[in-house]
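S.K.: Structure incoming, see below.
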Amino acid sequence: MTQAQRIEFIDLAKGICIFLVVTGHCGAAIGLPGYDIVRMPLYFILSGLFFKTYGGVKRLIIKKLNKILIPFVFFYLLGNFAFYTIKYIAPQLLITDARGIFDVFDNRQFFNGPIWFLLCLFWCNIYFALIHSYIKKDGIRIAIVCLLGLIGWWLGYKNYFVPLFIDVAMTALPFFAFGYYLKRSNILYPNNLDKYNLILAFAFWCVSFILIKTTDFRLSFHYNGINGISTYFIAIASVLSILFLCKSIKRLPYFSYIGRYSIILLCVHHMIYRPVKVLLQTTGIETINNGYIVAIITLLLSTLCIPICIKYIPWFVAQKDLIK
695 MTQAQRIEFI
705 DLAKGICIFL
715 VVTGHCGAAI
725 GLPGYDIVRM
735 PLYFILSGLF
745 FKTYGGVKRL
755 IIKKLNKILI
765 PFVFFYLLGN
775 FAFYTIKYIA
785 PQLLITDARG
795 IFDVFDNRQF
805 FNGPIWFLLC
815 LFWCNIYFAL
825 IHSYIKKDGI
835 RIAIVCLLGL
845 IGWWLGYKNY
855 FVPLFIDVAM
865 TALPFFAFGY
875 YLKRSNILYP
885 NNLDKYNLIL
895 AFAFWCVSFI
905 LIKTTDFRLS
915 FHYNGINGIS
925 TYFIAIASVL
935 SILFLCKSIK
945 RLPYFSYIGR
955 YSIILLCVHH
965 MIYRPVKVLL
975 QTTGIETINN
985 GYIVAIITLL
995 LSTLCIPICI
1005 KYIPWFVAQK
1015 DLIK
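Counting from 695, one number per residue, gives the positions in the sequence shown under the working numbering.
Okay, here's the thing in structure tokens:
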């Protein structure tokens, strides 16, 4: 497997992930047990898979400002512009828990809700960069990651609110770190077990399926909620199933394409599906088809946004660096 092929297989995994995110938000049920629990862990594990130090914490921060935080700020402000515009023009259409520009400090819900992930991912990178830079022994690193994960879980369990998703990043950090150590293993690279990729994918899916059917679990990163130790095993088994499946398939044109530019779909789809849903509800079509038409239209329009964003706002969709 060449470097390009390896990236294609990861792009495919990211494409499946963002597809599940968009369809889930649109209310289009996929019908696979536990599909909703795999989305965010897959994102965090894939992000950890490509963690780099960039030669120091300072350079890493600059890199993540460009690739994560600047897109977050841009689409957060764009979402709030839409929020205040609708609130002024047609307040009866504004059905949301978002309250305005200061939501990032006192609310877990934004008008452009899905971009919470970018802010959370930024903190995950900072946490892990500091741990990686100042702690040299893997055992101690893992212990600190687990401790931060436990603190994040406890904050969620007690329903304590921490601004800027700093607490959620703690809860997600073990998944991020799992991705980093998965990269250091031989699992994702050419090896003698590659011929068993489909078998391994099915085996991990079976583990996830059995746990889903026999245990109590809950995962809601957005609201920092994890209940049940089996949740971690379900999420990791499901992610490994998808990764082995993608490693076997390597590439599916549409999914690989949206996976490569998944940040664009993540940032734009919420502001597309909401007006689409309102429009279709007035005709009764969306209700009859249970969100599938909304999902199809949203995926189509969000995909069409990819070349537009790359051409006109590349600095805000992680394609070019704004800060040098």
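Quick reminder that beta carbons are idealized off the backbone N, C-alpha and C, glycines included.
The structure presented is a predicted model; accordingly, all values stated were derived computationally and were not measured.
In the DSSP output, what is Ile920 paired with across the bridge?
M.R.: Per DSSP, Leu913.
S.K.: DSSP state of Tyr851, grouped into three classes?
M.R.: In the structure shown, Tyr851 sits in a helix (DSSP, three-state: H, G or I).
S.K.: Under a three-way DSSP split, which group does Leu974 fall into?
M.R.: Residue state, collapsed to three classes: helix.
S.K.: State the DSSP-derived secondary structure class of Gly873, mapped to helix, strand or coil.
M.R.: Note: Gly873 maps to helix in three-state DSSP.
S.K.: In angstroms, rounded to a whole number, what distance separates the CA positions of Arg802 and Tyr851?
M.R.: About 15 Å.
S.K.: What's the gap between the Cα of Thr717 and the Cα of His964?
M.R.: So the two alpha carbons sit approximately 11 Å from each other.
S.K.: Pick from Ile838, Arg793, Thr865, Ala931: whose alpha carbon is nearest that of Phe775?
M.R.: Here the closest residue by C-alpha is Arg793.
S.K.: What's the gap between the Cα of Asp1015 and the Cα of Leu759?
M.R.: Distance between the alpha carbons of Asp1015 and Leu759: 9 Å.
S.K.: Which of the three DSSP states is assigned to Tyr955 in this structure?
M.R.: Note: Tyr955 maps to coil in three-state DSSP.
S.K.: Can you give the beta carbon distance from Leu867 to Cys940, rounded, assuming they're within the 8 Å contact cut?
M.R.: Going by Cβ atoms, the distance from Leu867 to Cys940 rounds to 24 Å, so no, they are not a contact pair.
S.K.: Note down the Cα distance separating Ala707 from Ile1007, rounded to an integer number of angstroms.
M.R.: Their backbone Cα atoms lie some 25 Å apart in a straight line.
S.K.: Please identify the residue among Asn806, Lys1005, Tyr917 whose C-alpha is closest to the C-alpha of Leu772.
M.R.: Selected option, being the one with the closest Cα: Asn806.
S.K.: Check whether the stretch 949 to 961 touches the stretch 989 to 1001, taking contact to mean three or more Cβ pairs, one atom from each stretch, closer than 8 Å.
M.R.: Result yes; three or more Cβ-Cβ pairs closer than 8 Å.
S.K.: Candidates Thr865, Phe911, Ile979, Gly978: which alpha carbon is nearest Phe738's?
M.R.: Phe738 has its Cα closest to that of Thr865, out of Thr865, Phe911, Ile979, Gly978.
S.K.: Mind reading off the beta-carbon distance from Asn918 to Gly846? Whole number of angstroms is fine, and I expect it under 8 Å.
M.R.: Between Gly846 and Asn918 the Cβ distance is about 7 Å, and since that is below 8 Å, they are a contact.
S.K.: Considering Val988, what are the terminal residues of the alpha helix (DSSP H) in which it resides?
M.R.: Counting along the chain, the alpha helix (DSSP H) containing Val988 begins and ends at 986 to 1006.
S.K.: Do Leu754 and Thr747 come within 8 Å of each other at the CB atom, strictly closer than that value?
M.R.: Their beta carbons are under 8 Å apart, which means Thr747 touches Leu754 by this criterion.
S.K.: Quick one: is Ala722 buried, meaning 16 or more other Cβ sit within 10 Å of its Cβ, or exposed?
M.R.: Ala722 should be labelled buried.
S.K.: Measure the alpha-carbon distance for Ala784 versus Pro808 and round it to whole angstroms.
M.R.: If you take the alpha carbons of Ala784 and Pro808, they lie about 23 Å apart.
S.K.: So, using beta-carbon positions, are Val962 and Pro765 closer together than 8 Å?
M.R.: Cβ atoms of Val962 and Pro765: not closer than 8 Å.
S.K.: Report the residue from Ile710, Asp730, Phe744 whose alpha carbon sits nearest the alpha carbon of Leu876.
M.R.: Closest option to Leu876, Cα to Cα, is Phe744.
S.K.: According to the neighbour-count rule (16 or more other Cβ atoms, all chains shown, within 10 Å of its Cβ), is Tyr854 buried or exposed?
M.R.: Exposed is the call here.
S.K.: Have a look at Ala929 and Val732 and give me their C-alpha separation to the nearest angstrom.
M.R.: Between Ala929 and Val732, the C-alpha separation is close to 5 Å.
S.K.: So the alpha helix (DSSP H) Ala776 belongs to, where does it begin and stop?
M.R.: Per DSSP, Ala776 belongs to the alpha helix (DSSP H) from 764 to 783.
S.K.: Could you compute how far the alpha carbon of Ser942 sits from the alpha carbon of Pro735?
M.R.: So the alpha carbons of these two residues sit roughly 21 Å apart.
S.K.: Is it buried or exposed for Thr696, if we count other Cβ within 10 angstroms and need 16 for buried?
M.R.: Low confidence applies here, because Thr696 scores a pLDDT of 44, under 50, leaving its location unreliable; read the following figure in that light. Thr696 comes out exposed.
S.K.: Where does Lys1014 sit, in a helix, a strand or coil, going by DSSP?
M.R.: Coil.
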